[in-house]
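Chains as they are written, first to last, in the numbering used here: chain G, 3 to 230; chain E, 3 to 230. Where a beta carbon is used, it is the ideal one built from N, C-alpha and C, also for glycine. The structure displayed is predicted, hence computed values, not measured ones.
There are 2 protein chains.
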Amino acid sequence: MSETAASGPDRQPIWSRPERGSRGPAPAHSRDAIVVAAINLADTEGLAAVSMRAVAAALGTGAGSLYRYLSSRDDLLDLMTDRAVGELRPYPQVEGDWLETMVLLGRRQLALFGAHPWLLDVIHRPSGIGPQSLAWFDNCIRILEPVRCPVAAKFETIAMMTGVVSLFARRESAAGAFSFAGVDLAAYPHLVAAFSQPSGPAPRADLVERTLRSLLTGLLLGEPTDAG
Amino acid sequence: MSETAASGPDRQPIWSRPERGSRGPAPAHSRDAIVVAAINLADTEGLAAVSMRAVAAALGTGAGSLYRYLSSRDDLLDLMTDRAVGELRPYPQVEGDWLETMVLLGRRQLALFGAHPWLLDVIHRPSGIGPQSLAWFDNCIRILEPVRCPVAAKFETIAMMTGVVSLFARRESAAGAFSFAGVDLAAYPHLVAAFSQPSGPAPRADLVERTLRSLLTGLLLGEPTDAG
DNA sequence: TGTAAACCGCAAACGCCGTTCGCGATTTGT
DNA sequence: ACAAATCGCGAACGGCGTTTGCGGTTTACA
């Protein structure tokens, strides 16, 4: 009736569970190697391709063997997320004002979502926060130190910034995949009127930055905008 | 070698596929009844409980029978989404200015996400837009008619508003489910410093509305905020 | 040093999933 | 009347995450 470190009734989160015990033979793989294989799979073939069997096959073993290193697929996704967040390092030293630094961090997040689109499907799960994510939070709090407002507001703002960046990232990857196939557009007069309109040039430019700036100032400093 | 209306190589989207042919016996169920059962299941037990077998069982039939009415589970999710979006009706007549009307719509969306939390896991899939969603878009475009800006900007703004509302909805349903279990907080000095701070009162209030207002004006009317 | 406990990789199996298929029965168009 | 189309149904297929039991390997401790 032995209880391996990984299986069993999931007593502790993955972050504090030791990777291996001290008794048995040396493991053929490592937790990080598994995570790297899973991330490569997700990057190239999408998150749906990250099945325990596929990840195990990429490492030349069987699905069941992975459970020597992690206790569930959710654990694997948590580890993938935290490792990807680690790619946001190194964090910029605070030089200018906090707003510019936060916007810079937002653009880094956007790039990260571009490099690992599967993050969009993974970050919204309720799960334990890993050390790299904590380091990122810690860094944001440090940057926001000069801002005079309750801590809760800072946390909410950081989360909201990440969320808004994820929305922009999704828009870029979806790239107008709207499909009006199969519906009779005649029932939506304002839509067809808008579409028949000559549609001026795309207002792109620094839309993300402008949005982030407006969001950060709006959430952290009372209300600087009141266009009524 | 007959080809049923629902099965086969998925020639046309669900919205234009006729619910039944004219030949055979009367169907025991209906597309809408299936969708209602699925929505009830999702509302009470979560989206994961919406399996073809479970939905069929709720209707007193077998999983395979559902494929007489829809061609895939994705179709079912699309139908569920569109039916839920239909609950946003009736749409308010434009009375005041467009900004207030849009903010009102945003609050309605927030309420919808609260009533059907599974929408949060479903709206981000690339899929065909249903008639109710189109009607909602049509209404938004109508409200934004007095705004002088390219159509593309209006569409992006509507999508971004929906996205931001979904972020707030997620925050409300998650309700601070952060779990720092299993990590050594000592490595994150700014975090512990922020937490040890007496943390003023929650700045809640009309955070959603303020954010939406700032977002809408920022995206549609150049840049009214420039807190540099 | 001997031995028992702990750990390894592996393959088979379990229960669930979405989906397909073939069947007999039923209704409709011509 | 008869063929074509559709119905409900149950069995089956392949894939999934996960568990389990096994023989072999390594370590801790008496």
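Item to complete: State yes or no: is the beta carbon of Arg173 of chain G nearer than 8 angstroms to at least one beta carbon in chain E?
Response: Judged by the 8 angstroms Cβ criterion, Arg173 of chain G is in contact with chain E.
Worksheet item: Does Thr213 of chain E have its Cβ less than 8 angstroms from a Cβ in chain G?
Response: Against chain G, the CB of Thr213 of chain E has a partner CB under 8 angstroms away; the residue lies at that interface.
Worksheet item: Would Ala229 of chain E count as contacting chain G if we go by Cβ distances under 8 angstroms?
Response: For Ala229 of chain E, the predicted model reports a pLDDT of 37, less than 50, meaning its position is unreliable and no value from the coordinates is stated.
Worksheet item: Given a limit of 9 angstroms on CB to CB distance, which residues of the region 16-29 of chain G reach chain E?
Response: Residues Ile16, Trp17, Ser18 and Arg19.
Worksheet item: How would you list, in chain order, the residues of chain E whose beta-carbon sits under 9 angstroms from the beta-carbon of His118 of chain G?
Response: Against chain E, the beta carbon of His118 of chain G has no neighbour under 9 angstroms; the closest one sits roughly 16 angstroms away.
Worksheet item: Quick one: Cα of Glu5 of chain E to Cα of Arg75 of chain E, how far?
Response: Residue placement at Glu5 of chain E is flagged as unreliable, the pLDDT there being 39, under the threshold of 50; the coordinate-derived value follows with that caveat. Each residue's alpha carbon lies about 19 angstroms from the other.
Worksheet item: Shortest alpha-carbon distance to Pro20 of chain E belongs to which of G:Pro94, G:Leu169 and G:Gly184?
Response: Out of G:Pro94, G:Leu169 and G:Gly184, G:Gly184 has the C-alpha closest to the C-alpha of Pro20 of chain E.
Item to complete: Can you grab the Cα-Cα spacing for the pair Thr103 of chain E / Asp140 of chain E, in whole Å?
Response: In this structure, the alpha-carbon of Thr103 of chain E lies about 14 angstroms from that of Asp140 of chain E.
Fill in: Contact list for Arg162 of chain G against chain E, beta-carbon separation under 7 angstroms
Per the sequence shown, the amino acid found at residue 162 of chain G is Met instead of Arg. Ordered by position in chain E, the residues that pass the 7 angstroms Cβ test against Met162 of chain G are Leu169.
Item to complete: Please name the residues in the region 58-72 of chain E whose beta-carbon is closer than 8 angstroms to at least one beta-carbon of chain G, in chain order.
Response: From the region 58-72 of chain E, no residue has a Cβ closer than 8 angstroms to chain G.
Worksheet entry | Contact test: Leu49 of chain G Cβ vs the ligand ADP heavy atom, cutoff 7 angstroms | In the structure on display, the ligand ADP does not appear, and there are no ligands present to speak of.
Practice prompt. With a threshold of 16 other CB atoms inside 10 Å of the CB of Arg33 of chain G, please say whether the residue is buried or exposed.
Written response: Of the other Cβ atoms in all chains shown, 16 or more fall within 10 Å of the Cβ of Arg33 of chain G; this residue is therefore buried.
Worksheet item: Are the region 134-150 of chain G and the region 88-97 of chain G touching by the rule of at least three beta carbon pairs closer than 8 angstroms?
Response: Yes, the region 134-150 of chain G is in contact with the region 88-97 of chain G.
Practice prompt. Pull up the distance between the alpha-carbon of Ala155 of chain G and that of Gly98 of chain G, whole angstroms please.
Written response: When rounded, the distance between both Cα atoms is 22 angstroms.
Worksheet item: Is it a yes or a no for the region 110-130 of chain E touching the region 148-164 of chain G, going by three-plus beta-carbon pairs under 8 angstroms?
Response: Between the region 110-130 of chain E and the region 148-164 of chain G, the count of Cβ pairs shorter than 8 angstroms is below three; the stretches do not touch.
Discussion item. Let me confirm a value: Thr219 of chain G is counted as buried when at least 16 other C-beta atoms fall within 10 Å, else exposed. Which label applies?
Written reply: By the Cβ neighbour-count rule, Thr219 of chain G is buried, with 16 or more other Cβ atoms within 10 Å of its own.
Discussion item. Please state the DSSP three-state secondary structure of Pro27 of chain E.
Written reply: In the three-state reduction of the DSSP assignment, Pro27 of chain E falls in the coil class, being assigned neither a helical nor a strand state.
Fill in: Interface positions of the region 126-145 of chain G facing chain E (Cβ-Cβ less than 7 angstroms), listed along the chain
Those would be His126, Pro128, Gly130, Ile131, Pro133, Leu136, Ala137, Phe139, Asp140, Ile143 and Arg144, in chain order.
Item to complete: Could you confirm whether any beta carbon from chain G is found closer than 8 angstroms to the beta carbon of Ala86 of chain E?
Response: Chain G contact via Cβ: absent.
Worksheet entry | Secondary structure of Pro15 of chain E, DSSP reduced to three states | If DSSP states are grouped into helix, strand and coil, Pro15 of chain E belongs with coil.
Fill in: Inter-residue spacing [alpha-carbon to alpha-carbon] between Val153 of chain G and Ile16 of chain G
Going by C-alpha positions, Val153 of chain G is about 28 angstroms away from Ile16 of chain G.
Worksheet item: For Ile36 of chain G versus Trp100 of chain G, is the C-beta distance shorter than 8 angstroms?
Response: Not in contact: Ile36 of chain G and Trp100 of chain G (Cβ atoms no closer than 8 angstroms).
Discussion item. At a CB distance below 9 angstroms, what residues from the region 181-192 of chain E approach chain G? Give them in sequence order.
Written reply: Flagged, chain order: Ser181, Phe182, Ala183, Gly184, Val185, Asp186, Leu187, Ala189, Tyr190, Pro191 and His192.
Discussion item. Are the CB atoms of His31 of chain G and Thr63 of chain G within a distance shorter than 8 angstroms?
Written reply: For Thr63 of chain G and His31 of chain G, yes; Cβs fall inside 8 angstroms.
Practice prompt. Starting from the C-beta of Thr213 of chain G, find all residues in its chain whose C-beta is less than 7 angstroms away, skip the five residues before and the five after it, and write them out in chain order.
Written response: Correct list, in chain order: Val166.
Worksheet entry | Three-state secondary structure assigned by DSSP to Asp186 of chain G | If DSSP states are grouped into helix, strand and coil, Asp186 of chain G belongs with coil.
Discussion item. Using a Cβ-Cβ distance cut-off of 8 angstroms, determine whether Ala8 of chain G contacts chain E.
Written reply: Note that Ala8 of chain G scores a pLDDT of 42, beneath 50, so its modelled location is shaky; the value from the coordinates is reported in the next line. It does not: the Cβ of Ala8 of chain G has no partner Cβ on chain E nearer than 8 angstroms.
Worksheet entry | Whole-angstrom distance between Tyr71 of chain E and Pro92 of chain E, CA atom to CA atom | Their backbone Cα atoms lie some 28 angstroms apart in a straight line.
Fill in: Min CB distance Gln14 of chain G to chain E below 8 angstroms
With 8 angstroms as the cut-off, Gln14 of chain G counts as an interface residue toward chain E.
Discussion item. Please tell me whether Leu81 of chain G and Pro94 of chain G are closer than 8 angstroms, where the distance is taken between their beta carbons.
Written reply: No.
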